[in-house]
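Okay, structure first, notes after.
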Ligand SMILES: *Cc1c(COP(=O)(O)O)cnc(C)c1O
């Protein structure tokens, strides 16, 4: 393609857009299948909270109105949920929006840099590049744990942000909170640590792994949470950041007005109240995760310990089947999981924990694929 005459920033020309999980419709059409199961995007296997659905219906008639600026009802509900001051919360159109705001508000393009692990959630890199901030990547260690020393060494006086995902995506690895706190304390006060806790409530002991308890003791800590996973609201786009009040104010002054819409706000508040749905989800995911891990190991796959609602694994080398072939075979049978090619991990696959029935179907199709 020849370049057009109008300007397009050079950073953007090199972009590969975010690689989402394949959609059910796409695979149904491609392989002429009646039924397709998706275990690729870490969505909630139980759907979404009935109370959230009711709130969306009840608010449908009010969508002609703009939302209340700053979403105070939602912010107050979040503050009560986490027992922290409302001034520490920034809601967003998915936590993706909060990531985007941090990257645009904190570093000055061409001057500051951003540090993260490789591989890590691709939004960090895409948004950093778009902002014109240098993006420094520190490889994870062989067992997919964080190289704290390497991350610290990559940080200098021009580092604005360090991103850490706990539990990590795509491995599911989760360091004890004490390790992350030690790392936070080692950073210069000019550098913010952003801990993305998108999957934190699936971990076996949230109090031992989350940085939210003790948040107030840090002046350079941001924690990201989302409604997309355990609350089952990926499609409505709602997430939030917990951060020092000064920074929250700056982000709110720079963001798009009304990015959290009326339905998202109502659904989020109802989802926080629906403790039954949330608890049922967490229990189903922990049970399904244990079932899948055991069954994958019995199938001679190498499974990585996960505190999230997905498992990363490698098919057995002895059977001579590449991860790619297993992935393609599963697709042709109507089972969508995630190939980790786009994370630079071609030999690895990731499967989201599904419902009990979906988990059993996945294991039986995988065993067929390994045997064929
Ligand atoms: C899924 C996910 C999110 C959530 O993004 P939303 O924009 O809130 O849907 C954030 N971070 C990581 C690492 C994720 O995997």
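In the working numbering, the protein residues as written are 23 to 394.
All C-beta atoms in this analysis are idealised placements derived from N, C-alpha and C, irrespective of residue type, glycine included.
Asked                                                                                                                                                       : Found
On the DSSP bridge list, what partners appear for residue 156?                                                                                              : 135
Should residue 395 be listed as close to ligand 1, given that the test is whether its C-beta is under 7 Å from any heavy atom?                              : A query on residue 395 cannot be resolved here, the shown segment of the chain reaching from 23 to 394 and no further.
Using the C-alpha atoms, what's the distance from residue 64 back to residue 333?                                                                           : 10 Å
So within the region 263-304, which uninterrupted beta strand (DSSP E) runs reach at least 3 residues, ignoring any that extend past its ends?              : none
Just the C-alpha distance for residue 345 and residue 37, rounded to the nearest angstrom, thanks.                                                          : 26 Å
In whole angstroms, give me the CA-to-CA distance for residue 241 and residue 209.                                                                          : 11 Å
Quick one: what's got a C-beta closer than 6 Å to residue 361's C-beta in the same chain, skipping five residues either side?                               : 349
Out of curiosity, what's the CA-to-CA distance linking residue 225 and residue 252?                                                                         : 11 Å
Determine the contact status of residue 93 and residue 287, defining contact as a CB-CB distance below 8 Å.                                                 : yes
Which residues, in chain order, sit with a beta-carbon under 5 Å away from any heavy atom of ligand 1?                                                      : 116, 117, 118, 143, 187, 191, 218, 220, 248, 250 and 261
Alpha carbon to alpha carbon, how far is residue 121 from residue 146? Give it in angstroms, no decimals.                                                   : 7 Å
Please return the same chain residues whose Cβ sits closer than 8 Å to the Cβ of residue 110, not counting the five positions on each side in sequence.     : 101, 237, 264, 265, 266, 267 and 270
Output the boundary residues of the beta strand (DSSP E) element that contains residue 346.                                                                 : Here residue 346 belongs to no beta strand (DSSP E); instead the alpha helix (DSSP H) covers 345-354.
With a threshold of 8 Å between beta-carbons, can residue 256 be considered close to chain D, or not?                                                       : Here chain D cannot be found, since the structure has a single protein chain.
So, does the region 214-229 touch the region 315-329, judging by three or more C-beta pairs under 8 Å?                                                      : yes
What residue range does the beta strand (DSSP E) around residue 333 cover?                                                                                  : 332-336
In terms of residue numbering, what span does the beta strand (DSSP E) encompassing residue 113 cover?                                                      : 111-114
Considering only C-alpha positions, which residue in the set 377, 124 and 381 is nearest to residue 14?                                                     : The question about residue 14 has no answer, for the chain in this structure spans 23 to 394.
Quick check on DSSP: helix, strand or coil for residue 148?                                                                                                 : helix
For residue 357, write down the residues that DSSP places opposite it in a beta bridge.                                                                     : 59
Per DSSP, what kind of secondary structure is residue 71 in: helix, strand or coil?                                                                         : coil
What three-state label does DSSP hand residue 220 in the structure shown?                                                                                   : coil
Can you give me the Cβ contacts of residue 395 inside the same chain, cut-off strictly under 6 Å, excluding the 5 residues immediately before and after it? : Absent from the structure is residue 395, since the part of the chain shown begins at 23 and ends at 394.
Quick one, which of 386, 354 and 217 has its alpha-carbon nearest residue 202's?                                                                            : 217
Would you kindly work out how many angstroms separate the C-alpha atoms of residue 148 and residue 197, rounded to a whole number?                          : 25 Å
Helix, strand or coil for residue 366? Go by DSSP, reduced to three states.                                                                                 : coil
Go through its chain and collect everything with a Cβ distance to residue 254's Cβ below 8 Å, but skip five positions before and after it.                  : 65, 66, 68, 69, 70, 71, 74, 293, 299 and 303
For residue 208, report the span of its beta strand (DSSP E) as first-last.                                                                                 : Not the beta strand (DSSP E): residue 208 falls in the alpha helix (DSSP H), residues 199-208.
Start and end of the beta strand (DSSP E) containing residue 245?                                                                                           : 243-248
By how many angstroms is the C-alpha of residue 262 removed from the C-alpha of residue 78?                                                                 : 19 Å
Suppose contacts are defined by Cβ-Cβ distances below 8 Å. Is residue 182 in contact with residue 207 by that definition?                                   : no
Looking at the strands, I want to know which residues DSSP matches up with residue 325.                                                                     : 335
Grab me the residues of residue 371's own chain with a C-beta within less than 8 Å of its C-beta, minus the 5 sequence neighbours each way, in chain order. : 334, 335, 336, 337, 345, 348, 349, 359, 360, 361 and 362
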